[in-house]
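See structure below.
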Amino acid sequence: MDRIRIIGGQPLKGTIPISGAKNAALPLMIASLLTEDRLTLKNVPNLADVNLLARILRNHGVDLAVDGKRAGGTPHLGETFHLTARDISDTTAPYELVSRMRASFWVLGPLVARMGEAKVSLPGGCAIGTRPVDLHLSALRALGAEIEIDAGYVIARAPKGLVGGHITFPKVSVGATHNALLAAALAKGETLIENAAREPEVGDVAACLVKMGVVIEGIGTSTLRVQGKSRLEGTVHTVLPDRIETGTFAFAVAATGGDVVLEGTRRELLKTALETLSETGASVTDTETGVRIQRNGNGLEPIDVETQPFPGFPTDLQAQLMALMTRAHGTSVIRETIFENRFMHVQELARLGADIKLHGDTATIKGVRSLRGAPVMATDLRASVSLVIAGLMAEGETIINRVYHLDRGFERLEEKLSRCGAQIERLTAG
Ligand code: EPZ
Numbered sequence: 018m019d020r021i022r023i024i025g026g027q028p029l030k031g032t033i034p035i036s037g038a039k040n041a042a043l044p045l046m047i048a049s050l051l052t053e054d055r056l057t058l059k060n061v062p063n064l065a066d067v068n069l070l071a072r073i074l075r076n077h078g079v080d081l082a083v084d085g086k087r088a089g090g091t092p093h094l095g096e097t098f099h100l101t102a103r104d105i106s107d108t109t110a111p112y113e114l115v116s117r118m119r120a121s122f123w124v125l126g127p128l129v130a131r132m133g134e135a136k137v138s139l140p141g142g143c144a145i146g147t148r149p150v151d152l153h154l155s156a157l158r159a160l161g162a163e164i165e166i167d168a169g170y171v172i173a174r175a176p177k178g179l180v181g182g183h184i185t186f187p188k189v190s191v192g193a194t195h196n197a198l199l200a201a202a203l204a205k206g207e208t209l210i211e212n213a214a215r216e217p218e219v220g221d222v223a224a225c226l227v228k229m230g231v232v233i234e235g236i237g238t239s240t241l242r243v244q245g246k247s248r249l250e251g252t253v254h255t256v257l258p259d260r261i262e263t264g265t266f267a268f269a270v271a272a273t274g275g276d277v278v279l280e281g282t283r284r285e286l287l288k289t290a291l292e293t294l295s296e297t298g299a300s301v302t303d304t305e306t307g308v309r310i311q312r313n314g315n316g317l318e319p320i321d322v323e324t325q326p327f328p329g330f331p332t333d334l335q336a337q338l339m340a341l342m343t344r345a346h347g348t349s350v351i352r353e354t355i356f357e358n359r360f361m362h363v364q365e366l367a368r369l370g371a372d373i374k375l376h377g378d379t380a381t382i383k384g385v386r387s388l389r390g391a392p393v394m395a396t397d398l399r400a401s402v403s404l405v406i407a408g409l410m411a412e413g414e415t416i417i418n419r420v421y422h423l424d425r426g427f428e429r430l431e432e433k434l435s436r437c438g439a440q441i442e443r444l445t446a447g
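Using this note's numbering, the first residue of the sequence shown is number 18, and each one after it goes up by one.
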């Protein structure tokens, strides 16, 4: 298994191109199941999760052609995917694939909407919490699907097609909102989705569905009104920039005391996270090409933050913020309200010398004068990258094991960081 080796202590300086958002690319690719026509997606990041979903979609009969980057093209514009689901040859998503990536469960809504039936494995366990799918199922039931659970599979049936309905989510869920939206796009009549997730990736999927012919009101708000269509058209859509990658690099720059322009991204995608970063003492400014992050030699101020659905502070940046706060001048408090078990990085950060105490959903981080490099273990995607940030701050050598977690969601991470002066390299398993 590959490992990453970091020698800490170098400030990051230069520019980092921000890739397309993984968490938008995945549901956008799934949207290809809704039409016989070609859906072209631009700016798709080259990631393990994207490649795995491509395999899953091919299994359903989706034809996928990929254009690579063109010579001289803009560095942050990724690959172009042409997806055509002329015939759905298989409406089953098997355990072997769904258990490897939860987002593949989101094929359920579009498959039952288009084909009148779908059989999708329950995703199973996950490193960051129990993550049930009850909200996905109740949303599809509200659109007339009959749902049965048998031998670890969800079987959804709507032989006469889905019909518009009223969905009120008792809790905000990104995935359940995607599933509901994708299903409602082909349902007959109007669907009202209340307490919908407002994450920019949901808005990006909605914008693509509008281009495919669906009428959607309320994009970007928690109330979505969807007029389904019996047939959707193909379109061309560009995946929005990855706000979590943006935030991760922004925190890494603040952590090392550097000066970097994050290119091809937008501040409003992660306003709260960047405001938090400003509170720590880093400077955040807009440039013509993106967002510039600077931190001079001054220390970092401690913060008190809780994770919230968008527009609040994102859970997907909680681990990275914690890594940054290990070196603050004082004590920070971070409360995780979205997932019950998303603190796997705490023990690993402690191996580098961090002083963190956990009480239920709250971590109290007492800033230390220095971190010291050590071997650590990546546990999930965002936890892993928090170890990269800590490694960049630490004195000496940090070796991160199990980096396949990083490859799921960060494109060319070592290259992007080393071009800005970081001493980071991949040790490839022989
Ligand atoms: C999405 O996961 C993201 N994944 C996650 O990013 C992100 O952490 C999460 O949203 C929250 O922002 C993708 O977009 C691919 P949820 P999702 O449904 O949709 C509970 C990453 O690192 N819940 O919004 O699975 C759930 O247990 C990943 O890129 C139910 O109770 O998250 C959690 O407590 C990790 N019942 C809360 O809702 C349900 O039916 C929010 O989860 C569904 C969810």
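For each residue, glycine too, the CB sits at the ideal point set by N, CA and C.
Considered as a whole, the segment 29-78 harbours 39-47 and 65-77 as its complete alpha helix (DSSP H) runs of no fewer than 4 residues, in chain order.
Burial is judged here by how many other beta carbons sit within 10 angstroms of a residue's own beta carbon; residue 213 has at least 16 and is buried. Less than 8 Å divides the Cβ of residue 21 from the Cβ of residue 443. Rounded to the nearest whole angstrom, the C-alpha separation of residue 206 and residue 241 is 14 Å. Ranking 277, 186 and 18 by CA distance to the CA of residue 306 puts 277 first. A heavy atom of ligand 1 is found nearer than 7 Å to the CB of residue 150.
Three or more Cβ pairs closer than 8 Å define a contact, and the segment 225-240 falls short of that threshold against the segment 300-315. Residue environment: residue 83 is assigned as exposed (fewer than 16 neighbouring CB atoms within 10 Å of its CB, all protein chains considered).
Residue 253 sits exposed, since fewer than 16 C-beta atoms from the chains shown fall within 10 Å of its C-beta.
Only residues of its own chain outside the window of five on either side were considered, and among them 201, 208 and 233 have a CB closer than 6 Å to the CB of residue 243, listed in chain order. Burial is judged here by how many other beta carbons sit within 10 angstroms of a residue's own beta carbon; residue 167 has fewer than 16 and is exposed. In this structure, residue 325 and residue 264 do not form a Cβ contact; the two beta carbons are roughly 14 Å apart against a cut-off of 8 Å.
When C-beta atoms of the segment 281-290 are compared with those of the segment 42-58, fewer than three pairs fall below 8 Å, so the two segments do not count as touching. Of the residues 195, 204, 187 and 172, the one whose Cα lies closest to the Cα of residue 219 is 195. Relative to ligand 1, residue 332 has its C-beta within less than 7 Å of a heavy atom.
Counting of Cβ neighbours within 10 angstroms places residue 18 among the exposed residues, the total staying below 16.
Distances from the alpha-carbon of residue 76 to those of 258, 56, 55 and 100 put 100 closest. In this structure, residue 439 sits near residue 29, with a CB-CB distance shorter than 8 Å.
Taking C-beta separations shorter than 6 Å and ignoring five residues to either side along the sequence, the partners of residue 296 in its chain run 320, following chain order.
DSSP, reduced to helix, strand and coil, places residue 342 within a helical segment of the structure shown. Annotation: the segment 225-312 contains the following complete segments of the alpha helix (DSSP H) (minimum length 4 residues), in chain order: 260-273 and 288-296.
Annotation for residue 121: no beta strand (DSSP E) segment contains it, and DSSP assigns it neither H nor E. Sequence-distant partners of residue 355 (beyond 5 residues in either direction) whose C-beta falls short of 8 Å from its own C-beta, in its chain, are 324, 325, 326 and 332. Here residue 321 is bridged, per DSSP, to 350. Per DSSP, the continuous alpha helix (DSSP H) segment holding residue 407 begins and ends at 398-410. When secondary structure is reduced to three states using DSSP, residue 420 falls in the coil class, being assigned neither helix nor strand. Its Cα nearest to that of residue 255, the residue 222 stands out among 204, 268, 262 and 222.
In this structure, DSSP gives residue 433 a helical state, which the three-state scheme calls helix. With contacts defined as CB atoms closer than 8 Å, residue 185 and residue 216 fail to qualify as a contacting pair. Within 7 Å of the C-beta of residue 383 there is not a single heavy atom belonging to ligand 1. By the C-beta density criterion, residue 108 is buried, having at least 16 other C-beta atoms within 10 angstroms.
For residue 374, the beta-bridge partners assigned by DSSP are 381. Taking residue 58 as reference, the option from 187, 48, 393 and 64 with the minimal CA-CA separation is 48. In this structure residue 95 is in contact with residue 36, their Cβ atoms being roughly 6 Å apart against a cut-off of 8 Å.
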